[in-house]
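Chains as they are written, first to last, in our numbering: chain A, 43 to 156; chain B, 308 to 418.
Where a beta carbon is used, it is the ideal one built from N, C-alpha and C, also for glycine.
What you are looking at is a predicted structure, and each value in this text was computed from that prediction instead of being measured.
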């Protein structure tokens, strides 16, 4: 079965540094998402992306965050200046459509900000 | 906004049946999903309900009542590998159909 792949699986960074989390969505999917999960807490929506632009974003997704689809396969999340509270598991997901479509999640990137 | 409630933890015995409830409040309900998440792993899709009633898929079934804002996930013939968190998530048409997740129910299956 096709899957969403994420790299790296773990990322450790210093507070204030920039990080880029990478994702390769399933090839025929058109909608891409980033979610995050702080340890022991619920999965939280960050942003959705379609047709090379952001379609929805949450309050968490402030000016420190950006997303990009630099080529036909990759989908990236950039955090410009990381804060301690950005430490979380970041999940990329994709779906064929946006309405009533199940999301396929990648295995996540565990980000630790020191 | 949305509010999704589910029990934090449940324990059940191998071979038994367990029902995990979820209640929700949302302005533009557009479907309810159940996901399974093993510790340290990604959520994986289990079921989707948009109309009232029961959807059965093997050992797992999911029920929805839109008028009551209520769903449950039923797991039959429990196996040890079913020990995981079960996440209820609601799609809201007033928010671009993004998924809002509940806090998850951690199910522990005992021998």
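| query | result |
| --- | --- |
| Does residue 405 of chain B come within less than 8 Å of chain A when only Cβ atoms are used? | yes |
| Can you tell me whether residue 397 of chain B sits near the ligand FAD, meaning its C-beta is under 7 Å from at least one heavy atom of the ligand? | Among the ligands in the structure shown, none appear at all, so the ligand FAD cannot be discussed. |
| Does the Cβ-Cβ distance between residue 151 of chain A and residue 56 of chain A come in under 8 Å? | no |
| Can you list, in chain order, the residues of the region 80-103 of chain A whose Cβ is nearer than 7 Å to any Cβ on chain B? | 84, 85, 87, 90, 97, 98 |
| Taking its Cβ as the centre, do 16 or more other Cβ atoms sit within 10 Å of residue 354 of chain B, making it buried, or is it exposed? | buried |
| Going straight from the alpha carbon of residue 321 of chain B to that of residue 383 of chain B, what length do you get? | 10 Å |
| What does residue 150 of chain A reach in chain B if we use C-beta pairs closer than 9 Å? | 347, 348, 349 |
| Since residue 11 of chain A meets chain B, which of its residues come closer than 7 Å, beta carbon to beta carbon? | Outside the displayed range of chain A (43 to 156) lies residue 11 of chain A, so it cannot be described from this structure. |
| For residue 368 of chain B, which residues in the same chain have their Cβ closer than 7 Å to its Cβ, ignoring the five residues on either side in sequence? | 361, 362, 381 |
| Is it buried or exposed for residue 279 of chain B, if we count other Cβ within 10 angstroms and need 16 for buried? | With chain B covering only 308 through 418, there is no way to say anything about residue 279 of chain B. |
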